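Visitor: This structure is in structure tokens; I'll ask about it shortly.
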Amino acid sequence: MQLSRDDLVKAYRRMRMIREFEDAVHEEFSAGNIPGFVHLYAGEEASGVGFCMHLEDRDYIASTHRGHGHCIAKGCDEKAMMAEIFGRKDGLCGGKGGSMHIADLAKGMMGANGIVGGGPPLICGAALTAKTLKTGGVAIAFVGDGASNQGTTFESYNLANIWKLPVVFVVEDNGYAEATSSKYSVAGTQVDRAKGFGMPAVEVDGHDFFAVWEAAREAIERARAGDGPSLIHVKLNRYYGHFEGDAITYKAPGEVEEVKKTKECLDIFRKRVTEAKLLSDEDLDTIDTECREYIAECVAAAKKAPMPTEADLLTDIYVSY
Amino acid sequence: MPKKSFRQAINEAIRQEMERDERVIVMGEDVSGGAGAPGEQDAWGGPMGVTKGLMPQFGRERVLDTPITESGFIGAAVGAAATGLRPVADLMFVDFMGVCFDQIFNQAAKFKYMFGGKAVTPVTIRTMYGGGFRAASQHSQCLYPLFTHIPGLKVVIPSNAYEAKGLMIQCIRDDDPTIFFEHKMMYDDEVDVPDDPYTIPFGEANVTREGDDVTIVAFGRMVNLANQAADKLEKEGIGCTVVDPRTTSPLDRDTILETAEETGRVVVVDEAHPRCNMATDISAMLCENIFGALKAPIKQVTPPHSPVPFSPALEDLYLPNVERIEAAVKAVMNTGVVRAAE
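Protein chains in written order, with the working numbering: chain A, 150 to 470; chain B, 3 to 344.
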């Protein structure tokens, strides 16, 4: 299977859209315009997009606290997302979830999650639904290197394998769980851990969209064919802190700058497609401009959007009570 | 009308809902039993036999034995509910909530609210609670107050087989996450239970006895003890109203307040640990709303603030019983409130 020109445009647009979104959120948070906790996905775009390019609305993903990128990759509406992060009434979740709980089940996005390791059991459930109702859908659990140490994650590896569920576990390893290096916190390797559960696993360079896309294709096809779960260990880097406000003193001086210079996923993508003459610099520049302008529109709209009111405080707790 | 046990009533409710709706599945540790084993299949039907016979009828695709992995399978039930199934998950003993509570109170309970109303999570979690089985500290607790505390959850505590069938069917058809508490000493207790499916709505208390002197509010198995106490006291000339709220969330505040106001004397019977339990919750609600109508201080009949002991000698001392309820009723009858205005 090959990526068409339209696919390439779509993939690049989504990656660039995520970057613009996250940069804008960073700026607005720094200016004091966004309340609460925010965790940014900038630098990791090739992973979320590389996987979600293979998915349809009937397929589910469960995300992490670093969820904006997965949302955009899965097709959530950026304007509604931005309004949500600003706590507005017409946000994607009515202003009741915010950055850490942003979700759109109609798009198969089961939510960012404030609990590290909260997603994998849920995604086993989504896969069980797909299997039981024969929807043909697959389910992807994104976890970080932090959640890779949670019991819920291991329980889900086991459950997905004994029930042969259509699941892909994606360990997005940005090297740091909060302020602690995965070199310290992870025993063994992600791939060996998966193999311990009898599940195929590969490691992939998460800065390279094409590498992710290819690994994702194989794992998702396998899941869709009913051949059970697999794991992909995606090595990548985050550009911002664990959360906005994190001074990132635990990283080596110049560490992030070096990554940006040598492993920038958007640059790698551009180089590949322009060298192969699949897209031109002008094509990509146009997308860059469009995304920047659109995200600026999203921010402006979010700032103008109304806040929820007291009438919204006690709605949506139950279906009936 | 045929007599059925608490066990049979719950089994029948689940079976009838599985026949009605193919989205209903059952999952949990040994809900069938024998998976992958060389011997008998459907060997257990749950540790108390409640789900016996479901696997042979509906197959292993809809009756799933899980590994002992509560976070994993309760979470999977929650995720399945959010994506289109209506799972009935068996958390064998409520004491095991400690190894899966996140998936219940941070995930299932909050999806609807956090996602701006767009999620429905129709999961039913059955769980066994309560003392008297000599099952000691980690298999005897009640813990329903902990679930009642969480907005987004509904908490159901049936007091007999009739109630259990109607409330279980309501749980399965309900679009919110529900926790269904089964007292482990009640499985063999029989009452009349209709064969046809029926539902009992949540948040509507059942008044099981009516009397003029004292209102007894009791939960789950304690309703039966309260009824026995009321019957004995009736013979002594003390009339008791017994209120079974059926669900602690939603709670039928109106019936409790009205019956308490009528008698002016209240005993609350709760098998849960005494701090921050249903007895304290209801006592506070009464004081806040009908303080002026109370003729005596409210009495709470609960266990002491202690883990559940193992030794029968100790557990019998620990648990509320009919005698303690009778004594509490007599105590509120004999205590007067001196009112300056009267």
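We put the CB at the ideal spot given by N, CA and C, even for glycine. In this text, all values refer to a predicted model and were calculated from it rather than measured experimentally.
Would you identify the three-state DSSP class for I202 of chain B, choosing helix, strand or coil?
Guide: Here I202 of chain B sits in coil by DSSP.
Visitor: Determine the extent of the beta strand (DSSP E) in which C242 of chain B is found, giving its start and end residues.
Guide: From DSSP, the beta strand (DSSP E) with C242 of chain B extends over C242 to D246.
Visitor: Reducing DSSP to helix, strand and coil, say where N310 of chain A ends up.
Guide: Here N310 of chain A sits in helix by DSSP.
Visitor: Less than 8 Å between the C-beta atoms of T201 of chain B and V245 of chain B, yes or no?
Guide: Their beta carbons are not under 8 Å apart, which means T201 of chain B does not touch V245 of chain B by this criterion.
Visitor: Examine chain E for any beta-carbon lying closer than 8 Å to the beta-carbon of S34 of chain B, and answer yes or no.
Guide: The structure shown contains no chain E; its protein chains are A and B.
Visitor: Is the separation between the beta-carbon of R373 of chain A and that of V287 of chain A shorter than 8 Å?
Guide: Against a cut-off of 8 Å, the Cβ pair of V287 of chain A and R373 of chain A comes out as a contact.
Visitor: Taking only three categories from DSSP, how would you classify K410 of chain A?
Guide: Helix at K410 of chain A.
Visitor: What is the rounded straight-line gap between the Cα of G132 of chain B and the Cα of M259 of chain A?
Guide: Approximately 35 Å between the Cα atoms of the pair.
Visitor: Is there a Cβ of chain A sitting closer than 8 Å to that of P322 of chain B, yes or no?
Guide: False, the Cβ-Cβ gap to chain A never drops below 8 Å.
Visitor: Please classify F418 of chain A: does DSSP put it in a helix, a strand, or coil?
Guide: In the structure shown, F418 of chain A sits in a helix (DSSP, three-state: H, G or I).
Visitor: What is the rounded straight-line gap between the Cα of Y209 of chain A and the Cα of Q105 of chain B?
Guide: Near 18 Å, if we compare the C-alpha coordinates of Q105 of chain B and Y209 of chain A.
Visitor: Between which residues of its own chain and A211 of chain A is the CB-CB distance below 6 Å, once the five residues before and five after are set aside?
Guide: Excluding sequence neighbours, A211 of chain A sits near M259, G268, L271, I272 and A290.
Visitor: Can you check whether the C-beta of P69 of chain B is within less than 8 Å of a C-beta belonging to chain A?
Guide: Answer yes: the Cβ-Cβ gap between P69 of chain B and chain A drops below 8 Å somewhere.
Visitor: Go through the segment 311-361 of chain A residue by residue and report every complete run of the alpha helix (DSSP H) that reaches 4 residues or more, in order.
Guide: Whole alpha helix (DSSP H) segments, 4+ residues: 331-334 and 339-345.
Visitor: Got a sec? Which residues, its chain only, sit under 7 Å from G51 of chain B by beta carbon, not counting five neighbours each side?
Guide: Taken in chain order, the residues that qualify are R9.
Visitor: Consider the Cβ of L204 of chain A: report whether some Cβ of chain B lies at a distance smaller than 8 Å.
Guide: For L204 of chain A, the answer is no, since every Cβ of chain B falls outside 8 Å of its Cβ.
Visitor: At a threshold of 7 Å, does D172 of chain A count as lining the ligand FMN (C-beta to nearest heavy atom)?
Guide: This structure lacks the ligand FMN; in fact it carries no ligand of any kind.
Visitor: Give me the DSSP bridge partner(s) of Q302 of chain B.
Guide: Answer by DSSP bridge pairing, in chain order: B:V270.
Visitor: For a contact defined as C-beta to C-beta under 7 Å, what are the partners of I27 of chain B on chain A?
Guide: Neighbours of I27 of chain B on chain A, chain order: T281.
Visitor: Beta carbon of L87 of chain B, beta carbon of R25 of chain B: below 8 Å?
Guide: For L87 of chain B and R25 of chain B, yes; Cβs fall inside 8 Å.
Visitor: What does the alpha-carbon distance come out to for the pair V125 of chain B and F149 of chain B?
Guide: Going from the Cα of V125 of chain B to the Cα of F149 of chain B covers about 14 Å.
Visitor: Taking the Cβ atom as the reference point for each residue, do I181 of chain B and R248 of chain B lie within a distance shorter than 8 Å?
Guide: No. Outside cutoff.
Visitor: So for G293 of chain A, helix, strand or coil by DSSP?
Guide: In the structure shown, G293 of chain A sits in a strand (DSSP, three-state: E or B).
Visitor: Work out the CA separation of P89 of chain B and S196 of chain A for me, nearest whole Å.
Guide: Cα to Cα, the separation comes out at about 32 Å.
Visitor: Residues in its own chain within less than 7 Å of S297 of chain A by CB, not counting five upstream and five downstream?
Guide: Once the five neighbours on either side are set aside, the close Cβ partners of S297 of chain A are V320, V335 and Q339.
Visitor: DSSP three-state call for K6 of chain B: helix, strand or coil?
Guide: Reduced to three states, the DSSP call for K6 of chain B is strand.
Visitor: For L462 of chain A, return the contacting residues in chain B, with the cut-off set at a CB-CB distance below 9 Å.
Guide: In chain order: nothing, as chain B lies at least about 10 Å away.
Visitor: Helix, strand or coil for P58 of chain B per DSSP?
Guide: DSSP places P58 of chain B in helix when its eight states are reduced to three.
Visitor: Chain A partners of P252 of chain B, CB-CB under 7 Å?
Guide: Within chain A, the residues near P252 of chain B are Y470.
Visitor: With a threshold of 8 Å, are at least 3 pairs of Cβ atoms found where one atom belongs to the segment 174-190 of chain A and the other to the segment 364-382 of chain A?
Guide: The segment 174-190 of chain A, when compared against the segment 364-382 of chain A, does not touch it at the 8 Å Cβ threshold.
Visitor: Between B:A232, B:D32 and B:R64, which has its C-alpha nearest P49 of chain B's C-alpha?
Guide: The option with the nearest alpha carbon to P49 of chain B is B:D32.
Visitor: Can you tell me which of B:P40, B:Q302 and B:I16 puts its alpha carbon nearest to the alpha carbon of M29 of chain B?
Guide: Nearest C-alpha to M29 of chain B: B:I16.
Visitor: Below 8 Å on the Cβ atoms is my guess for D271 of chain B versus A228 of chain B; work out the distance and round it to an integer in Å.
Guide: What sits at residue 271 of chain B in the sequence shown is Val, not Asp. With 8 Å as the limit, V271 of chain B and A228 of chain B qualify as a contact, their Cβ atoms being about 5 Å apart.
Visitor: Jot down the residue ranges of each uninterrupted alpha helix (DSSP H) in the segment 125-188 of chain B, minimum 4 residues, whole runs only, in chain order.
Guide: Whole alpha helix (DSSP H) segments, 4+ residues: 146-150 and 163-175.
Visitor: Can at least three beta-carbon pairs, one atom from the segment 219-228 of chain B and one from the segment 314-333 of chain B, be found at a separation below 8 Å?
Guide: Contact holds: three or more Cβ-Cβ distances are below 8 Å.
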